[in-house]
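The structure under discussion appears below in the form of structure tokens.
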Amino acid sequence: MRYAFLAFIVLVAGCDTVRSTTDRVFGGEKTPEEAESAAVEEVVEPQPVAVTADGWVGPKTTIAGLGDPTTPGRWLETPLVETEITGRVVVPRTGAQAYITLVPASGPAGGGSRLSLDAMRALLLPFDELVELEIYSN
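So this is what it looks like as structure tokens:
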């Protein structure tokens, strides 16, 4: 009997909360703050669209090591791209993959690449080794 009475008290106490949230969902009364925020329209800038590399067919392979650990974000500096694009990087040895930003680097196309600390963590790679990567254009 005590548990039934306790459950009844909890249900009655929660009715006001349920009513206030259902009023907002189903067009009930709004508080002055909600009415004011609904009147102000927010301008949202469109997100940049990821650009695919022209003429990129299949994966490109590179050897990568740790880049500058003080630069934040998930990026791969590589001479395989000419402009900054988003791409998918796969570690053939383990099958781990991540979507990262491909940043152009100077050097020959067969030169090495540098991965960010966040990208190495996402791919579950050791920080002190060089690894083979397959790079796919997004």
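For what it's worth, our numbering labels the leading residue of the sequence shown as 10, then goes sequentially. Every residue, glycine too, gets a C-beta built ideally from N, C-alpha and C. Since this is a predicted model, take the numbers as computed values, not measurements.
Residue burial classification, residue i (beta-carbon count within 10 angstroms, cutoff 16)
| i | result |
| --- | --- |
| residue 93 | exposed |
| residue 13 | exposed |
| residue 102 | exposed |
| residue 70 | exposed |
Endpoints, the alpha helix (DSSP H) within which residue i is located
| i | result |
| --- | --- |
| residue 126 | 126-131 |
Residue i, enclosing beta strand (DSSP E) - first and last residue
| i | result |
| --- | --- |
| residue 113 | 106-113 |
| residue 140 | 140-146 |
| residue 73 | 69-75 |
Within 8 angstroms, strictly: CB atoms of residue i and residue j
| i | j | result |
| --- | --- | --- |
| residue 116 | residue 88 | yes |
| residue 98 | residue 132 | yes |
| residue 122 | residue 85 | yes |
| residue 139 | residue 100 | no |
| residue 110 | residue 130 | no |
Any chain D beta carbon closer than 8 angstroms to residue i
| i | result |
| --- | --- |
| residue 77 | Although the question refers to chain D, the structure presented lacks it and comprises just one protein chain. |
Q) Would you call the segment 70-88 and the segment 124-135 in contact, with 3 or more CB pairs under 8 angstroms? A) Short answer: they touch.
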